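Trainee: Next up is a structure, given as structure tokens.
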Amino acid sequence: MLIFQILRLFRSPKLGLELLAHLGLAMPVATVQISRLTGTNAAIAACSVSSGSIHAGTQDANTSPSRIPVPTSGSNYSFWVSLQLYCTASPDNALNNIRFYTDGGNSLGTGITGLISVASGYASAVGTAGSSGSLLNVTNHPGLTGPASNLFLYTSGCQLTLAGSLGPTTGSFGNRAVLQLSVDTTASAGNSGAETLTFTWDES
Amino acid sequence: MITWIAHYQDGTSIAQADGFTYKDIRRDELRAFDLWRNGTLALRIDFRDDGLPPKRLIWRIRHRWQNNGSQLEIHLAGWQRTINGCNVQTIAYVFDDGPILLGGQFVEQDFMYNIQPFEFEKDLV
Numbered sequence: 001m002l003i004f005q006i007l008r009l010f011r012s013p014k015l016g017l018e019l020l021a022h023l024g025l026a027m028p029v030a031t032v033q034i035s036r037l038t039g040t041n042a043a044i045a046a047c048s049v050s051s052g053s054i055h056a057g058t059q060d061a062n063t064s065p066s067r068i069p070v071p072t073s074g075s076n077y078s079f080w081v082s083l084q085l086y087c088t089a090s091p092d093n094a095l096n097n098i099r100f101y102t103d104g105g106n107s108l109g110t111g112i113t114g115l116i117s118v119a120s121g122y123a124s125a126v127g128t129a130g131s132s133g134s135l136l137n138v139t140n141h142p143g144l145t146g147p148a149s150n151l152f153l154y155t156s157g158c159q160l161t162l163a164g165s166l167g168p169t170t171g172s173f174g175n176r177a178v179l180q181l182s183v184d185t186t187a188s189a190g191n192s193g194a195e196t197l198t199f200t201w202d203e204s
Numbered sequence: 205m206i207t208w209i210a211h212y213q214d215g216t217s218i219a220q221a222d223g224f225t226y227k228d229i230r231r232d233e234l235r236a237f238d239l240w241r242n243g244t245l246a247l248r249i250d251f252r253d254d255g256l257p258p259k260r261l262i263w264r265i266r267h268r269w270q271n272n273g274s275q276l277e278i279h280l281a282g283w284q285r286t287i288n289g290c291n292v293q294t295i296a297y298v299f300d301d302g303p304i305l306l307g308g309q310f311v312e313q314d315f316m317y318n319i320q321p322f323e324f325e326k327d328l329v
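Quick mapping for you: the protein sequence lines, in order, are chains A and B.
The first sequence: position 19 = 19 (this note's numbering), numbered continuously.
Take the position in the second sequence, starting the count at 1, then add 204; the result is the number in this note's numbering.
Encoded structure:
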């Protein structure tokens with residue numbers, strides 16, 4: 001009887017503002033991963049990524065990097081990389097307010113710049129493998145919502161908004177962040193520096 | 205693990221740990237809104253009538269993911285009210301490991317920025 005009374009004390013909703021600990025099931029938060037989209041437009045494949053390379057491989061899958069040649073004139077480009085959020089365990093209500101930014105500093109190395117645009121639809125990266133991807137623009141990528149801009153313009157004080165949300169379900173959500181590297185004649189051979197990319201989103 | 209409890213003016217309460225969702229909260233009947241961390245009260249927001257326009261609840265979990273392996277979850281809990289046509293809000297940013305930062309509309313940290321209201325939060329202006 002005593003144990004029963006104690007349990008009633010903890011669970012009674014009429015206690016209101018008492019400072020007793022509330023016993024109940026801990027509610028897990030939604031689980032979200034960052035997906036890298038590859039494949040043909042009709043068969044998009046997504047893999048969860050926590051790191052990766054941007055290179056000149058066909059459709060730019062995150063495997064077997066194909067180096068971007070340093071050009072003798074003009075610029076060579078990576079195949080663009082499409083990143084999107086994917087929810088594997090649903091929120092109670094929704095996920096929204098998606099944002100993306102960098103640290104604002106280009107650590108890629110001399111002669112290497114980053115481009116970014118937002119896409120409402122997916123388009124597989126195109127170009128010549130081992131040579132250069134096609135420039136990220138609205139002509140080559142029909143899903144872009146606007147022209148590409150300098151990746152490092154987007155910082156914690158000037159975040160890139162990715163429109164879209166997800167209700168109490170699982171799946172991909174939000175516009176895609178599409179990134180590309182540009183290599184000019186002043187670049188040096190070898191691996192570029194690494195960059196830290198940040199995604200944020202709100203859950204309720 | 206941080207969870208919330210919403211206390212109503214009639215003395216009843218609902219808790220996230222009991223399966224209630226943020227959308228279930230009767231926003232215009234709030235007396236207080238709690239955040240509990242591992243069985244201990246971390247934050248309590250008073251929603252009782254103070255003679256000014258009513259406070260409207262704001263709550264979110266803000267996630268930050270970085271490709272260097274860093275992940276962060278911050279609970280946002282606070283209120284918004286309109287006074288003489290001016291939007292006034294106060295948000296507490298509550299971290300799992302203890303710290304609580306109090307912010308407003310001003311961007312002082314990279315995680316301090318406005319929410320996007322949902323349809324059931326149409327009382328937020």
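Think of the CB as a built atom: it goes at the ideal place given N, C-alpha and C, for glycine as much as any other residue.
Here the structure is a predicted model, which is why all the values come from computation and not from measurement.
1) Would you tell me roughly how many angstroms separate the C-alpha atoms of R11 of chain A and I209 of chain B, rounded to the nearest one?
2) According to a CB-to-CB cut-off of less than 8 Å, which residues of the segment 253-272 of chain B neighbour chain A?
3) With a cut-off of 8 Å on the beta carbons, I'd call D92 of chain A and P168 of chain A a contact; round off their distance for me.
4) Just how far apart, CA to CA, sit P65 of chain A and Q220 of chain B?
5) What's the gap between the Cα of A21 of chain A and the Cα of G243 of chain B?
6) Should S192 of chain A go down as buried or exposed, given a rule of 16 or more other Cβ atoms within 10 Å for buried?
7) Determine the contact status of F224 of chain B and A236 of chain B, defining contact as a CB-CB distance below 8 Å.
8) Chain A partners of I319 of chain B, CB-CB under 8 Å?
9) Closest by CA to T216 of chain B, which one among B:Y226, B:T207, B:L234 and B:K227?
10) Between T198 of chain A and chain B, is any beta-carbon pair separated by less than 8 Å?
11) Quick one: what does DSSP say Y212 of chain B is sitting in, helix, strand or coil?
12) Cα-Cα, which of B:C290, B:R260, B:D228 and B:G282 is closest to G307 of chain B?
13) Tell me which same chain residues have a C-beta within less than 6 Å of the C-beta of T251 of chain A, skipping the five on either side of it?
14) Just to confirm my understanding: we take C202 of chain A, look at its own chain, exclude 5 residues before and 5 after, and list those with CB closer than 8 Å. What are they?
15) Run through chain B and tell me which residues come within less than 8 Å of N93 of chain A, C-beta to C-beta.
16) Quick check: is the beta carbon of S156 of chain A nearer than 8 Å to any beta carbon in chain B?
17) Considering only heavy atoms of the ligand FMN, does any lie closer than 7 Å to the CB of G157 of chain A?
18) Quick one, are the C-beta atoms of W269 of chain B and S204 of chain A less than 8 Å apart?
19) Determine, using beta carbons only, whether C87 of chain A and T196 of chain A come nearer to each other than 8 Å.
20) Using Cβ-Cβ distances below 7 Å, what residues of the segment 99-125 of chain A are close to chain E?
21) Tell me the rounded alpha-carbon separation between P257 of chain B and R285 of chain B.
22) State the CB to CB distance for the pair A177 of chain A and L162 of chain A, rounded to an integer number of angstroms; the pair is presumed to be in contact (CB under 8 Å).
23) For G190 of chain A, is the classification buried or exposed, using 16 other Cβ atoms within 10 angstroms of its Cβ as the cut-off for buried?
Mentor: The relevant details are as follows:
1) Note on R11 of chain A: pLDDT 32, under 50, position unreliable in the model; no value is reported.
2) W263, R264, I265, R266, H267, R268, W269, Q270, N271 and N272
3) 6 Å
4) 46 Å
5) Any reading at A21 of chain A must be qualified, since the residue scores a pLDDT of 46, below 50, and its modelled position is unreliable; the value itself is stated next. One C-alpha to the other measures close to 5 Å.
6) buried
7) no
8) N97 and D202
9) B:L234
10) yes
11) strand
12) B:G282
13) For chain A, the structure presents residues 1 to 204; residue 251 of chain A sits outside this window and is missing.
14) Looking at the sequence provided, one finds Asp at residue 202 of chain A rather than Cys. Here the set comprises L95, N96 and N97.
15) T225, Y226, K227 and F322
16) yes
17) With respect to the ligand FMN, the structure shown offers nothing to examine, as it has no ligands at all.
18) no
19) no
20) Considering every chain present, this structure includes no chain E. Its protein chains are A and B.
21) 6 Å
22) 6 Å
23) exposed
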